[in-house]
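Numbering (the UniProt record's numbering), first residue to last: 1 to 112. Even glycine gets a Cβ: it sits at the ideal position worked out from N, Cα and C.
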């Protein structure tokens with residue numbers, strides 16, 4: 001079975017959100033389906049997209065587990081975005097949470 005996964009993040013203003021997400025993901029979107037959406041392929045057949053939807057904006061919760069947590073967080077920090085919080089669990093897992101300017105939460109988890 002083939003599977004493509006898209007995780008959507010509603011934003012209030014696409015034009016203002018796009019530069020933040022380009023910094024966060026470290027580059028331009030993988031593709032632009034229309035003038036209010038941008039899509040990044042974060043792993044093969046796995047995508048995160050932003051879409052202008054003011055009524056739903058600010059409430060997204062997206063989490064991805066990665067095997068390069070430290071390097072990924074350091075790269076985002078070098079691009080000027082600091083984590084909102086870091087949680088460490090007793091089983092060796094760490095979760096690092098970022099918040100976009102509209103309040104959406106994007107986190108990465110992994111070994112610690």
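Status (buried if at least 16 other CB within 10 Å, exposed otherwise) for residue i
| i | result |
| --- | --- |
| residue 98 | buried |
| residue 108 | buried |
| residue 100 | buried |
| residue 21 | buried |
| residue 29 | buried |
| residue 60 | buried |
| residue 114 | Here the chain comprises residues numbered 1 to 112, so residue 114 is not present and cannot be evaluated. |
| residue 17 | buried |
| residue 25 | buried |
Rounded Cβ spacing between residue i and residue j (contact assumed at less than 8 Å)
| i | j | result |
| --- | --- | --- |
| residue 39 | residue 33 | 7 Å |
| residue 37 | residue 47 | With 8 Å as the limit, residue 37 and residue 47 do not qualify as a contact, their Cβ atoms being about 11 Å apart. |
| residue 58 | residue 103 | 4 Å |
| residue 52 | residue 11 | 6 Å |
| residue 96 | residue 83 | 5 Å |
query: Which runs of the beta strand (DSSP E), 3 residues or longer, sit entirely within the UniProt domain "VOC" (2-111)?
result: 5-11, 31-34, 37-43, 46-52, 61-65, 85-88, 93-99 and 105-111
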